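Numbering (our numbering), first residue to last: 529 to 683. Ideal Cβ placement from N, Cα and C applies to all residues, glycine included. None of the values given here were measured: they were computed from a predicted structure.
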C-alpha cells in the first residue's frame, strides 16, 4: 500500500490520500485522540522513541476497536468501534521551499503509516496527509525541531 500511496501522494499536493481516493483537506473531523512523533532534519526515519509512541498508539487503537476502552465525546455518546479511523499528518519545518517541505512531510507520514499498519491498524482505516510547513507547532523561520513531526489522530 505504501508504494501506491507514495505514487499517488506525489501527484496531488494538499489532498488527503484515502486508499487511492483523494479527499479535500477540509473534510476533517473533530480530534478524539492525538499522538506525536518527531523527526531529525530532512529525515523520514522513525526514531526508537517514535517507534515506542507508534506501538502505544496501535495498542490504544486495538483497545478501542475491540471495545475494551470506550471513549466519550462532547455529547457523551460513544463512537462505534468500526468508525475509528486514523489520520496520519506529516509536517516539516520552514527550512525548505513549500514543495520540498510537503514532500518531506508526506514521506514522514507514509513511514509512520507503514509502521502502524505493520502493528495491526487496517490499511483501509488509515488516511495520510502531508501538510508540509503550513501547520507549525512553533512559529519560526527556518529549522525548528518541534515542527518536524507526524501527528496521529484517531477520529
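Give the DSSP-derived three-state secondary structure of residue i in the structure shown.
i: residue 580; result: helix
i: residue 566; result: strand
i: residue 561; result: strand
i: residue 683; result: coil
Are there 16 or more other CB atoms within 10 angstroms of the CB of residue i, so buried, or fewer, so exposed?
i: residue 572; result: buried
i: residue 676; result: buried
i: residue 619; result: buried
i: residue 587; result: exposed
i: residue 633; result: buried
Are residue i and residue j closer than 8 Å when you measure CB to CB?
i: residue 581; j: residue 636; result: no
i: residue 626; j: residue 660; result: yes
i: residue 655; j: residue 616; result: yes
i: residue 684; j: residue 622; result: The question about residue 684 has no answer here: the residues shown for the chain are numbered 529 through 683.
i: residue 683; j: residue 591; result: no
i: residue 589; j: residue 645; result: no
Rounded to a whole number of angstroms, what is the C-alpha to C-alpha distance between residue i and residue j?
i: residue 640; j: residue 681; result: 12 Å
i: residue 551; j: residue 576; result: For residue 551, the predicted model reports a pLDDT of 38, less than 50, meaning its position is unreliable; a value from the coordinates is still stated below. Approximately 32 Å between the Cα atoms of the pair.
i: residue 653; j: residue 672; result: 31 Å
i: residue 570; j: residue 665; result: 17 Å
i: residue 631; j: residue 643; result: 19 Å
i: residue 562; j: residue 657; result: 15 Å
i: residue 662; j: residue 579; result: 25 Å
i: residue 674; j: residue 566; result: 7 Å
i: residue 564; j: residue 647; result: 17 Å
Below 7 Å, is the gap between the Cβ of residue i and the nearest heavy atom of the ligand MG?
i: residue 659; result: The model depicted lacks the ligand MG and carries no ligand whatsoever.
> Curious, which full-length beta strand (DSSP E) runs of at least 3 residues does the region 621–679 contain?
Replying inline: 654–658
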